[in-house]
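Undergrad:
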Amino acid sequence: MTVAISCQQVSKTYETRNGPVNALSPCDLEISPGEFVVLLGPSGCGKTTLLRMIGRLHDHTSGSLDLTPVEAGETTTGFVFQQANLMPWMTVEENVALPLRLKKQPKATRMETARDLCSRVGLENFTKSWPRELSGGMQQRVSIARALADDPQLLLMDEPFGALDALTRTRMNSELERLWMASGATVVLVTHSITEAIMLADRIVVMSARPGRIVSETRVPFPRPRGTQIENTPEFQAIAADLRSQLEH
Amino acid sequence: MNRIRHFAPGIVSVVGFFAVWEIYCRMSGINPLILPPPSQIGAIFFDVALDPRTLRHASITLTETLAGFGLATVIGMTVGWAVAASPLIERAVHPFIVASQVIPKVALVPLFVVWFGFGMTSKIVVAAVIAFFPVLVNTVLGLRSVQPGHADVFHSLKATLWQRIWLLQIPSALPAILAGMEMAIVLATIGAVVGEFLGGSSGLGYMAVATMNAFQTDRLFVIIILLTLIGFVLYAMMAGLKRALVSWSDNQKAGS
Ligand SMILES: Nc1ncnc2c1ncn2[C@@H]1O[C@H](COP(=O)(O)OP(=O)(O)OP(=O)(O)O)[C@@H](O)[C@H]1O
Ligand SMILES: [Mg+2]
Chain R
51 MTVAISCQQV
61 SKTYETRNGP
71 VNALSPCDLE
81 ISPGEFVVLL
91 GPSGCGKTTL
101 LRMIGRLHDH
111 TSGSLDLTPV
121 EAGETTTGFV
131 FQQANLMPWM
141 TVEENVALPL
151 RLKKQPKATR
161 METARDLCSR
171 VGLENFTKSW
181 PRELSGGMQQ
191 RVSIARALAD
201 DPQLLLMDEP
211 FGALDALTRT
221 RMNSELERLW
231 MASGATVVLV
241 THSITEAIML
251 ADRIVVMSAR
261 PGRIVSETRV
271 PFPRPRGTQI
281 ENTPEFQAIA
291 ADLRSQLEH
Chain E
45 MNRIRHFAPG
55 IVSVVGFFAV
65 WEIYCRMSGI
75 NPLILPPPSQ
85 IGAIFFDVAL
95 DPRTLRHASI
105 TLTETLAGFG
115 LATVIGMTVG
125 WAVAASPLIE
135 RAVHPFIVAS
145 QVIPKVALVP
155 LFVVWFGFGM
165 TSKIVVAAVI
175 AFFPVLVNTV
185 LGLRSVQPGH
195 ADVFHSLKAT
205 LWQRIWLLQI
215 PSALPAILAG
225 MEMAIVLATI
235 GAVVGEFLGG
245 SSGLGYMAVA
255 TMNAFQTDRL
265 FVIIILLTLI
275 GFVLYAMMAG
285 LKRALVSWSD
295 NQKAGS
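From first to last, the protein sequence lines are chains R and E. Mapping to the working numbering: the first sequence position 197 is 247, numbers consecutive. Mapping to the working numbering: the second sequence position 206 is 250, numbers consecutive.
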């Protein structure tokens, strides 16, 4: 069961001590089941806000936001937060297994799944470590593994690779593409990296700040799986230049 | 070698303390009924400490302490959880919390004796009342320290209330709760002994008063040492429990 997302005139205003903050002006966004959408935009333009509303972590102020069929409870959502948010009292593998534990999966099977996922994100030698013993990028990879544990049909990722070096990032990108192709999940991923956006997205949604809003959408035509060699093609360069000029405005 | 250097100053100062005490008693000729020298206390220590009657009194004090501590822990954690969970309950309970903090709790002991008699019950209640407060406060503090990001994870995974309590709230609050329990075990010992001072005919607190009335100051010192030992063992057990349960926490290695 994949998931379709429909946002119509969805906006968000935070009430703060210094008065209301308009984080996101009304915006429309339709995402089809199994689509890979990337949100691209400068800091503070409301990417996290939009993603958290889609994940039902907070309410939208106006408009309508529908997820089908996540609401029926048949599907699961994996959320990668901007911070790793690992439980410091659980080992790496216990953190990864948490979604399965909450679903009361037996310990032996969920730990096996967790160890498998740890090796997929390159942490097979750290399954028994405490989160505090890992670097920031390693912690972020644990949180990605955790989001994947329950085989989510909707995957919401907030700058999942922000803390990684370029090489690891490229590797994780193609691993994510592979997993996504195998699962058919709907993915919404936030990034600041134009290259990452083009490598991963079916469609790139560009946002801008003050007030936060959606300014354009770009389809990415490259066939999959995409390799780093596409970076040198004129099409890639053209899309990248176009995105860059939109972000500068 | 390092260990010796680490403990040497402590050992030297303790030995020096007893030496000065001994010398003072001999030089000043002070009446041993007022201050017996350490050698005199040492000479009777095992006779008094291993006397079956002393052991019976000690076990009564220990039972009262542990029962009071257990009550304080269970009630303190439950009320603490309710206070942290509901602002309404917090506002309702707040006057009582403030009152129970500022009232000199030993002043309530006579009242508890009237209500619960001269047996163990009144001492257990005193121990529990004195030990309750730090458990309550630290439970509230601990539960408030749940990180919003961790709560987001449980929310996004659609965890049930029980799962959030067991897998998120309790582990988050555990370091603070255990610190509160560490204080509580010490306070429970004090509560039990003070209760025995004022009412009843058993326990080390009663023995202390009885030996004082009989001017057996050297025996009084033995009882003080026994109470110190009990307090130390209980505290060490709590510290061990804390190390075992929150070994994941960073500041653990600092030995705090
Ligand atoms: N909890 C909150 N309370 C008040 N204002 C908030 C809150 N969260 C975000 N904002 C405001 O909403 C706006 C959008 O924030 P958001 O976190 O969505 O940005 P972002 O696009 O994710 O930025 P970044 O790329 O830096 O993560 C910002 O101006 C921010 O100040
Ligand atoms: Mg953000």
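The beta carbon of each residue, even a glycine, is placed where N, CA and C say it ideally should be.
List, in chain order, every chain E residue whose beta-carbon is nearer than 7 angstroms to that of W139 of chain R.
TA: Simply P215, W292.
Undergrad: Against Q133 of chain R, what residues of chain E qualify as contacts under a CB-to-CB distance less than 8 angstroms, listed in chain order?
TA: Near Q133 of chain R (Cβ distances below 8 angstroms), the residues of chain E are G193.
Undergrad: Compare the C-beta of L214 of chain R with all C-beta atoms of chain E and state if any pair is closer than 7 angstroms.
TA: Interface annotation, L214 of chain R: not in contact with chain E, CB-CB separation never under 7 angstroms.
Undergrad: Compare the C-beta of Q207 of chain E with all C-beta atoms of chain R and state if any pair is closer than 7 angstroms.
TA: yes
Undergrad: Under the three-state reduction of DSSP, which class applies to V169 of chain E: helix, strand or coil?
TA: helix
Undergrad: Consider the C-beta atom of Q132 of chain R and the heavy atoms of ligand 3; say whether any pair is separated by less than 6 angstroms.
TA: As presented, the structure is devoid of ligand 3, carrying ligand 1 and ligand 2 as its sole ligands.
Undergrad: Using C-beta distances below 8 angstroms, list every residue in its chain close to D200 of chain R, excluding the 5 sequence neighbours before and after it, in chain order.
TA: Taken in chain order, the residues that qualify are T126, G128, P149, L150, K153.
Undergrad: Could you name the residues of the same chain whose beta carbon sits closer than 6 angstroms to that of V253 of chain E, not counting the 5 residues immediately before and after it, in chain order?
TA: Non-local C-beta neighbours of V253 of chain E in its own chain, meaning closer than 6 angstroms and more than five positions away in sequence, comprise F241, ordered along the chain.
Undergrad: Check whether chain E comes within 7 angstroms of P149 of chain R, counting only Cβ atoms and requiring the distance to be less than that.
TA: yes
Undergrad: Below 7 angstroms between beta carbons: does that hold for V153 of chain E and G239 of chain E?
TA: yes
Undergrad: Could you pull the DSSP bridge partners for F86 of chain R from this structure?
TA: R:V237
Undergrad: Rounded to whole angstroms, what is the Cα-Cα separation between F286 of chain R and R294 of chain R?
TA: 12 angstroms
Undergrad: Going by DSSP, what residues sit across from K154 of chain R in a beta bridge?
TA: In DSSP, K154 of chain R forms no bridge with anything.
Undergrad: How would you write the range of the alpha helix (DSSP H) that G114 of chain E sits in, first residue to last?
TA: 96-129
Undergrad: So M207 of chain R is in the beta strand (DSSP E); what residue range does that whole segment cover?
TA: 204-208
Undergrad: Applying the 10 Å Cβ sphere with the 16-neighbour rule, what's the burial state of D262 of chain E?
TA: buried
Undergrad: So, is the C-beta of L205 of chain R closer than 7 angstroms to a C-beta in chain E?
TA: no
Undergrad: Using a Cβ-Cβ cut-off of less than 9 angstroms, give me the residues of the segment 266-278 of chain R that come near chain E, in sequence order.
TA: none
Undergrad: Relative to the C-alpha of R170 of chain R, which residue among R:I194, R:G96, R:S114, R:H242 is closest?
TA: The shortest CA-to-CA distance from R170 of chain R to any of R:I194, R:G96, R:S114, R:H242 is the one to R:I194.
Undergrad: Run the proximity test for K379 of chain R: is its beta-carbon closer than 6 angstroms to any non-hydrogen atom belonging to ligand 2?
TA: Residue 379 of chain R is absent from the structure shown; chain R starts at 51 and stops at 299.
Undergrad: Please list the terminal residues of the continuous alpha helix (DSSP H) segment that includes P181 of chain R.
TA: Taken as a continuous stretch (DSSP letters only), P181 of chain R belongs to no alpha helix (DSSP H), as it is neither H nor E.
Undergrad: Give me the Cα-Cα distance between T159 of chain R and F198 of chain E, rounded to the nearest whole angstrom.
TA: 21 angstroms
Undergrad: Closer than 7 angstroms, CB to CB, is K297 of chain E near chain R or not?
TA: Its pLDDT being 44, under 50, K297 of chain E is placed unreliably in this model, and the coordinates cannot settle the point.
Undergrad: Over the uninterrupted beta strand (DSSP E) stretch that includes D116 of chain R, give me the two end residues.
TA: 112-118
Undergrad: Around the Cβ of K157 of chain R, are there at least 16 other Cβ atoms within 10 angstroms (buried) or fewer (exposed)?
TA: exposed
Undergrad: Straight-line CA distance for S300 of chain E to R49 of chain E?
TA: Per-residue confidence for S300 of chain E stands at a pLDDT of 34, beneath the threshold of 50, marking its modelled position as unreliable; the derived number appears in the next sentence. Using only the alpha carbons, I get a separation of about 21 angstroms.
Undergrad: Let me check you understand the geometry: is the CB of V71 of chain R closer than 6 angstroms to at least one non-hydrogen atom of ligand 1?
TA: yes
Undergrad: Using the Cβ count rule (16 or more neighbours within 10 Å means buried), how would you classify E298 of chain R?
TA: When all chains shown are included, E298 of chain R counts as exposed.
Undergrad: Excluding five sequence neighbours on each side, which residues of the same chain lie with their C-beta closer than 8 angstroms to the C-beta of Y279 of chain E?
TA: E226, I229, V230
Undergrad: Kindly give me the distance between the Cβ atoms of V290 of chain E and P178 of chain E, rounded to whole angstroms, as I take these residues to be in contact under 8 angstroms.
TA: At roughly 17 angstroms, the Cβ-Cβ gap does not stay under 8 angstroms, so V290 of chain E and P178 of chain E are not in contact.
Undergrad: With hydrogens ignored, establish whether the beta-carbon of Y279 of chain E is closer than 6 angstroms to any heavy atom of ligand 1.
TA: no
Undergrad: Taking 6 angstroms as the cut-off, is the C-beta of T66 of chain R nearer than that to any heavy atom in ligand 1?
TA: yes
Undergrad: How about L201 of chain E: is its C-beta nearer than 7 angstroms to some C-beta of chain R?
TA: yes
Undergrad: How far does the alpha helix (DSSP H) with V290 of chain E in it extend, from its first residue to its last?
TA: No alpha helix (DSSP H) holds V290 of chain E; DSSP gives it neither H nor E.
Undergrad: Anything in chain R within Cβ reach of V197 of chain E, meaning under 7 angstroms, just list it in chain order.
TA: Per Cβ cutoff of 7 angstroms: N135.
Undergrad: From which residue to which residue does the alpha helix (DSSP H) around G235 of chain E run?
TA: 214-242
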